[in-house]
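The structure appears right after this line, and notes come after that.
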Ligand code: NI
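In mature numbering (1 follows the signal peptide of the UniProt record, and there is no 0), the protein residues as written are -27 to -1, 1 to 181.
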């Protein structure tokens, strides 16, 4: 135990000293790596399209943990990848079946920070980019299988960091994502499910 504890303490001390030293004049901007962690609600639009030649589809909202990874390659510009645990959505094909699907919605955005590089404690940003959504575990109450094809679509983003110190900030962010998935029921093309969710996330940012 002792043999492990001392080097660990030393390493922690050196790391703490390094962080303290490097945090001097640590502007919010170029060179920052950052991660944002929080609770995200994926809220599909209210009308999710029709399949099977005119049957309404509803996809319910779902909340889960999500996180992002990003890098600021310029004081005012950055890139961010939204990742998450799989979201499971209940869905209804009205009058036909209830079901559910899981999806992972990785979304990559190019971002603009109008106040990047300044001392402002409130740092808003906007972004635009692309989303790739892969569905899995589609289930229905009836015998027929439901399959949703992978979807590529555009995404937009707004967010704000409220800086606490050189590393930590409170964060709120929202994405609009265009997710249109071709559906197959019982192996036959059945139409397109339009999920097009707004994703709202609240949590913390950490940059280094
Ligand atoms: Ni759409």
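Beta carbons: idealized from backbone N, C-alpha and C, even for Gly.
Is there contact here, the segment 88 to 95 with the segment 114 to 123, by at least three beta-carbon pairs under 8 Å? no
Compute every distance between the C-beta of residue 123 and the non-hydrogen atoms of the ligand NI, then say whether any falls below 7 Å. no
Within 7 Å: the Cβ of residue 151 and any heavy atom of the ligand NI? yes
Which term fits residue 37, buried or exposed, when burial requires 16 or more other beta carbons within 10 angstroms of its beta carbon? exposed
Any idea what DSSP makes of residue 25, helix, strand or coil? coil
Do you know whose CA, among 167, 85 and 176, lies nearest residue 14's CA? 176
So which of 125, 143, 32 and 127 has the shortest CA-CA distance to residue 180? 143
Inter-residue Cα distance where the pair is residue 89 and residue 178: 15 Å
Residues near residue 102 by beta carbon distance below 7 Å, same chain, minus five either side: 80, 81, 82, 83 and 128
Between the segment 37 to 47 and the segment 4 to 11, are three or more C-beta pairs nearer than 8 Å? yes
According to DSSP, is residue -7 part of a helix, a strand, or is it coil? In this prediction, residue -7 has a pLDDT of 46, which is less than 50 and means its spatial position is unreliable; nothing more can be read from the coordinates.
Name the residue from 86, -1 and 165 whose alpha carbon lies nearest to the alpha carbon of residue 185. The structure shown does not extend to residue 185, since the chain spans only -27 to 181, so no value can be given for it.
Since residue 195 contacts residue 107 with CB under 8 Å, what's their CB separation in whole angstroms? The chain is shown from -27 up to 181; residue 195 falls before or after that span and cannot be answered.
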